[in-house]
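Residue numbers (this note's numbering), protein chains in the order written: chain V, 1 to 692; chain B, 693 to 1024. Glycine included, C-beta positions come from ideal geometry on N, C-alpha and C. Structure first, then comments.
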């Protein structure tokens, strides 16, 4: 009878992020293993806490189905010699499939001519009881962890030392040993609240049995519990918990039995930049910030204990003490930083290496900053900024990385730019420059905000292009899935910014050119600009297809130009309106013209209408009646209107383009070329036929 | 609980569980991990269980005695358990109970914190242990030291003595801690902090420290290459001294970012060479901390595998005795 399976690996505390990852990855992994083992089931569920990872398989079969398998081999003529004995190929086939040579059968095979050798295998399904011990042990050993360890004298590696195993199928213990432990039916309760073994009768009762032992093993239930606790703290304090889904995702995996407490800190700390306060709480302590109803930061925080204690105020006081010392540090960093200046920090950046391979004249962040000033100033003219605005961009460029040398950013690297914005105001720089410093790091991730100010956007473009071109120039292009310098993300950022600013959509070309120039002045020469262009094109393709445009349309549009992303997007969108018939006839024209070009056939200056046949005249008149220019959708509509005449031109009763008479041939090619040229700027029709 | 009683309690707790109570190393170190009782003893197949308080110097963290939580030197209480017992977390929690931190009263958690020392060529996995949100211990399963894979694995527990004492005595400033009933931490340590911050940040003669670094490195190499056989213990002492010279220069701001990596690489090269030489020398001594009847098997396995390198030899020696692990000393 099929029955539920439970396999629990008890473990010392698993890092929260790794646990979160396994909860997502392991179900498919287990399903694949079960399917390879031919054990049917009704679904895999993975549960876990910091101290355990558990797999529950619903209605797992108690045995494999019997297997009847027919494997088709070589043709009979190849498997048997004329004397009826098996050839080498025939023997090899039998051996490979583990069947006796005399059991090979000769059969007709659907879709093939002649007779083929067939190996017939009948395998009796094995009991799950026999399979599961090996399967589960191997499963445990093959879970992939980003980092794993050994312990004691053992050879086993796992994320942390394994402490116990529970394996139950249909109420029976699955007898297996792994990592120095023999599986049984005893799990363990909460380390402090219910120490000791917890007997698990069956997989069905697992969650409840642990719940009674102060372990909330279902991550969803734990998330609900944490949110309920946060809601309770909101009611008790009259404040709101500031939403932070990433932190929430981590906090639910920091304990088996979360209980909330709220603490407070000296309101004087609200005088330092809010980001320092929030980041100190979040990164070091995993506290949630709390805010007033109007969104301003309150001097309170919410945190989750991992246990029930006698007196929560003891724990609250302890946490407050730690936070006070963290915030004192943060305050110290900011007050020390405020005694410094952007110039002093910039001087330090001359000895901070950005990318060593760029060489001695270009490798430091200071060198990068000098490039950024040049690049941003150059593209600012193309972006139609006036002289005072350009001056502002240059000023912003000079200070945009300065805060990297500040103590605050040293402590909280993710506040790069954010602290620069604060310090720029402290140092008396204009709000525009302050904003540009911060925004030049934007977008900070997928779906994150794009730069708002022109100066911020120009610097964001220059910085990313500089990183990409520099890395490509010195052989650090991404390969496969490896992209250690985040170049793909950088290129996507460039496109997102350009796509969001239609006025700047032609900025890519001068951006690329001025970046290469700035790098070459520092001795970094791009040998293969085509590779960088292809790389950018690939990223734009990704953005457009992610937006829902069909890949074929995007490829066809990008083949005719990618440097203006707004234009390319419009062309790809226009292509989606093109019916199949139109695609096919235009692909045909493309092929004919390619063929003519390959043969070096000449074209004439003008089309001679005097030698036209009827079908040619009809096409030419239809074409000539169309507007020569227009928006892409208009051009597509125009193309659709003349499509029947193009089709007639090629159909029976049409003409032969490649006429033996060179004059006729040249005239026909000239006409097709004239028609083709008007539409081909939209897309490469060779890539478009076939779908729609 | 006075600070010195905290140390006494931990010492006696771990002594009862089979640890040698060592004394601090008499050379400047940045962490207890540099103590030969840790860095060298974790290598090879021999068991080793030790506990000791170590005075640690971190010149860059000096604050002229003005920061309540940070200082240019402080005390670590370090425990090394080799092999790591399966119940090491329970032993550790008992040690917290012994100093008055009861998990029924406090929120104790094991939060991921992997450890790596680029200068020692060492890394391990583990946690920082939180007590009510405060990190009170670094808990690490050593996987590699001096570039050598560790088998058996050592569990290293590093208690932050001042932090724990501040918590237990409920004071907000480390200098207000009572060392004993008469003397405060500040009375003992504050002048040192003021003078050494001034020294490291303002007075340290960089040219002398650079020369010292070169001298120590040269001595380390010379002693390891000695024709009559290496002197690994003095050589390792020079490695520790070079590391401290580097830390001092770093605090003085005398080392640029690019040079920094190079200096770290030089210390690591010393640590690695010492580690390899140490394992080889222990093999020559027949791994004396192993039970007598297992020594021959370990030495034979080492000799057979060491042609492929000390790392292979160390692993082979450990594997040869692992089946008899129950007969080898372990903390309990």
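Beta-carbon contacts of residue i that lie in its chain and below 6 Å, excluding the five residues immediately before and after
i                      : result
residue 402 of chain V : 342, 345 and 346
residue 75 of chain V  : 114 and 116
residue 672 of chain V : 589
residue 740 of chain B : 733 and 774
residue 728 of chain V : Here chain V covers residues 1 to 692 and nothing more, so residue 728 of chain V does not appear.
residue 997 of chain B : 1004, 1005 and 1008
Contacts around residue i, its chain only, beta-carbon distance under 8 Å, and the 5 residues preceding and following it disregarded
i                      : result
residue 156 of chain V : 141, 150, 162, 178, 179 and 180
residue 800 of chain B : 785, 788, 793, 821, 822 and 823
residue 694 of chain V : In the structure as shown, chain V starts at 1 and stops at 692, and residue 694 of chain V therefore has no counterpart that could be examined.
residue 876 of chain B : 867, 868, 869 and 870
residue 760 of chain B : 864, 865, 866 and 867
residue 508 of chain V : 494, 498, 536, 563, 564 and 565
residue 720 of chain B : 749, 932, 933 and 936
residue 860 of chain B : 693, 698, 791, 792 and 793
Nearest candidate by alpha-carbon position, reference residue i, set the options
i                      : options                       : result
residue 683 of chain V : V:579, V:364 and V:571        : V:571
residue 16 of chain V  : V:464, V:286, V:88 and V:639  : V:286
residue 688 of chain V : V:576, V:670 and V:642        : V:576
residue 959 of chain B : B:831, B:854 and B:908        : B:908
residue 608 of chain V : V:666, V:400, V:102 and V:27  : V:666
residue 614 of chain V : V:645, V:591 and V:586        : V:645
residue 620 of chain V : V:279, V:584 and V:641        : V:641
residue 748 of chain B : B:738, B:763, B:755 and B:767 : B:767
residue 244 of chain V : V:121, V:302, V:370 and V:211 : V:302
residue 444 of chain V : V:432, V:430, V:434 and V:460 : V:460
residue 693 of chain V : V:432, V:195 and V:578        : What is shown of chain V runs 1 to 692, which leaves residue 693 of chain V out entirely.
residue 938 of chain B : B:921, B:922, B:928 and B:902 : B:902
residue 923 of chain B : B:853, B:965 and B:808        : B:965
residue 372 of chain V : V:419, V:293 and V:457        : V:457
Residue i classed as buried or exposed, judged by whether at least 16 other C-beta atoms fall within 10 angstroms
i                      : result
residue 691 of chain V : At residue 691 of chain V, the pLDDT of 45 sits below 50, so the modelled position is not reliable; the number obtained from the coordinates is stated separately. Its Cβ having fewer than 16 others within 10 Å, residue 691 of chain V is exposed.
residue 383 of chain V : buried
residue 268 of chain V : exposed
residue 24 of chain V  : exposed
residue 68 of chain V  : exposed
residue 846 of chain B : buried
residue 546 of chain V : exposed
residue 6 of chain V   : buried
residue 313 of chain V : exposed
residue 725 of chain B : buried
residue 258 of chain V : buried
Contact set for residue i: own chain, Cβ-Cβ below 7 Å, skip 5 residues either direction
i                       : result
residue 1016 of chain B : 986
residue 658 of chain V  : 665
residue 962 of chain B  : 909, 912, 931 and 934
residue 193 of chain V  : 214, 257, 307 and 308
What ranges does the alpha helix (DSSP H) occupy inside the segment 518-567 of chain V, keeping only unbroken runs of at least 4 residues that lie completely in it? 529-546 and 551-558
For the structure I just gave you, are there three or more beta carbon pairs, one from the segment 961-969 of chain B and one from the segment 916-933 of chain B, closer than 8 Å? yes
Going along the chain, which unbroken runs of the alpha helix (DSSP H) with 4 or more residues stay wholly within the segment 404-435 of chain V? 407-411 and 418-426
Report the start-end ranges of each beta strand (DSSP E) in the segment 168-200 of chain V that is 3 residues or longer and not cut off at the edges. 186-188 and 197-199
So within the segment 322-359 of chain V, which uninterrupted alpha helix (DSSP H) runs reach at least 4 residues, ignoring any that extend past its ends? 342-349
contact_flag[the segment 196-208 of chain V, the segment 226-238 of chain V] where n(CB pairs < 8 Å) is 3 or more: no
Every unbroken beta strand (DSSP E) inside the segment 744-790 of chain B [3 residues or more]: 765-774
Are the segment 96-113 of chain V and the segment 123-136 of chain V touching by the rule of at least three beta carbon pairs closer than 8 Å? no
Cβ pair count under 8 Å reaching 3, the segment 264-283 of chain V against the segment 216-223 of chain V: no
Any 3 or more C-beta pairs closer than 8 Å across the segment 415-433 of chain V and the segment 323-340 of chain V: yes
Give the list of continuous alpha helix (DSSP H) stretches no shorter than 4 residues that lie fully inside the segment 836-920 of chain B. 853-861, 877-890 and 898-916
Looking at C-beta atoms only, is the number of pairs between the segment 513-531 of chain V and the segment 468-484 of chain V that lie closer than 8 Å three or more? yes
So does the segment 984-999 of chain B actually touch the segment 703-723 of chain B, counting three or more Cβ pairs closer than 8 Å? no
Taking only runs that begin and end inside the segment 618-691 of chain V, name each unbroken alpha helix (DSSP H) of 4 or more residues, in chain order. 632-650 and 662-680
Contact the segment 976-985 of chain B vs the segment 384-398 of chain V: 3+ CB pairs below 8 Å: no
Please specify which runs of the beta strand (DSSP E), each continuous and at least 3 residues long, are wholly inside the segment 267-316 of chain V, giving them in chain order. 288-291 and 297-305
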